[in-house]
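Below you'll find the structure, written out as structure tokens, and then a few comments.
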Amino acid sequence: MAKVISIANQKGGVGKTVTSVNLSAYLAALGKKVLLVDFDPQANATSGVGVDPRKVDFGSYHILDTKIPAHEAIKPTNSLGCHIIPASFDLAGAGVELVNMKNREFRLHDAIIKVRTDFDYVIVDCPPSLGLLTINGIVASDEVLVPVQCEYYALEGLAQLLETVNLIRENLGKDIDILGAVLTMYDKRNRLDREIAKEVRRNFPGYVFDTMIPRNVDLAEAPGHGKTIFQFNPLSHGARAYKMLAEEVIKRTS
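In the working numbering, the protein residues as written are 67 to 320.
Below, the structure is given as structure tokens:
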């Protein structure tokens with residue numbers, strides 16, 4: 067049965083979707099069967115793997131009311147071994163609709179449980195908020211991976227997310243682990259970046275991945291071409307970093 071990992075951080079612009087897309091691609095490149103679930107109304111993970119969000123008939127929004135089974139929403143991506151449940155722009159209204167649904171925090175969990183046996187990893191790209199969509203993404207997962215940008219408020223955001231996971235554990239009785247935090251947009255030449263990385267490791271010992279994702283032009287350009295970094299420039303610093311992260315994830319979850 068698949069290991070379900072949600073990629074979450076309530077702050078935007080930390081490399082969450084870039085991590086979801088490229089981690090999925092490299093897990094697939096390393097021989098794993100991967101399902102990427104785009105649960106962000108912006109649908110950037112969907113377009114990032116070459117699927118047009120405007121042409122999605124069934125996606126992550128449609129599986130929440132259980133009328134559409136998850137397997138009907140799964141689509142192939144342009145990465146061999148990687149499939150996606152895409153997001154459509156309908157998902158923007160789901161946060162409001164979920165409020166009145168029964169077992170509202172478990173809708174995604176209940177939807178994808180039936181397809182978990184078909185994959186080795188399910189990666190959920192959560193929106194940049196701590197609303198019901200993100201809570202659904204976390205509740206659906208076994209473990210949470212937190213991308214953390216090397217900037218002043220990184221520690222605050224990470225502490226807040228860890229507290230949210232603890233509250234979900236206590237109040238919803240769901241056993242969820244923190245897989246780890248991965249430092250993103252890291253520039254080793256920048257003194258502030260080096261200090262932030264040191265502080266995050268000091269404050270959250272054992273939680274931080276060894277791999278750090280560098281600030282990289284190719285990583286920024288690849289989504290505009292509907293490609294993962296593995297397809298766009300597999301020899302770039304960003305590609306090498308995500309390959310190392312995928313290897314580290316496999317090691318931590320096996």
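Built from N, CA and C at the ideal position, the CB exists for glycine as well.
Would you kindly work out how many angstroms separate the C-alpha atoms of residue i and residue j, rounded to a whole number?
i: residue 94; j: residue 317; result: 15 Å
i: residue 275; j: residue 249; result: 8 Å
i: residue 84; j: residue 146; result: 18 Å
i: residue 281; j: residue 304; result: 8 Å
i: residue 123; j: residue 257; result: 47 Å
i: residue 87; j: residue 116; result: 11 Å
i: residue 109; j: residue 153; result: 5 Å
i: residue 312; j: residue 295; result: 13 Å
i: residue 297; j: residue 284; result: 11 Å
i: residue 185; j: residue 198; result: 25 Å
i: residue 273; j: residue 125; result: 32 Å
i: residue 238; j: residue 227; result: 16 Å
i: residue 179; j: residue 135; result: 10 Å
i: residue 320; j: residue 245; result: 12 Å
i: residue 215; j: residue 196; result: 17 Å
i: residue 137; j: residue 289; result: 25 Å
Buried or exposed: which applies to residue i, given that a residue is buried once 16 or more other Cβ atoms fall within 10 Å of its Cβ?
i: residue 128; result: buried
i: residue 255; result: exposed
i: residue 251; result: buried
i: residue 193; result: buried
i: residue 67; result: exposed
i: residue 118; result: exposed
i: residue 102; result: buried
i: residue 112; result: buried
i: residue 205; result: buried
i: residue 82; result: buried
i: residue 207; result: buried
i: residue 173; result: buried
i: residue 98; result: buried
i: residue 132; result: exposed
i: residue 225; result: exposed
i: residue 149; result: buried
i: residue 218; result: exposed
i: residue 75; result: buried
i: residue 168; result: exposed
First and last residue of the beta strand (DSSP E) that includes residue i?
i: residue 25; result: In this structure the chain extends from 67 to 320, so residue 25 is not present and cannot be described.
i: residue 69; result: 69-73
Beta carbon of residue i: closer than 7 Å to some heavy atom of the ligand FAD?
i: residue 310; result: Only the bare structure without any ligand can be found here, which leaves the ligand FAD out of the picture.
With which residues is residue i paired in a DSSP beta bridge?
i: residue 304; result: DSSP lists no partner for residue 304.
i: residue 376; result: Any answer about residue 376 is impossible in this case: the structure gives the chain only from 67 up to 320.
i: residue 272; result: Answer by DSSP bridge pairing: none, since residue 272 is not bridged.
i: residue 246; result: 211
Along the chain, where does the alpha helix (DSSP H) containing residue i start, and where does it finish?
i: residue 259; result: 257-269
i: residue 297; result: 295-298
Let me see if you follow: with CB-CB separation under 8 Å, is residue i close to chain C or not?
i: residue 239; result: Among the chains in the structure shown there is no chain C, since it carries only a single protein chain.
(request) Just list the beta strand (DSSP E) runs in the region 83-171, keeping only unbroken ones of 3 residues or longer that don't cross its boundaries, in chain order. (result) Qualifying beta strand (DSSP E) stretches, in chain order: 100-104 and 148-151.
(message) Give the list of continuous beta strand (DSSP E) stretches no shorter than 3 residues that lie fully inside the region 162-233.
(response) Fully enclosed beta strand (DSSP E) runs of 3 or longer: 187-191 and 209-215.
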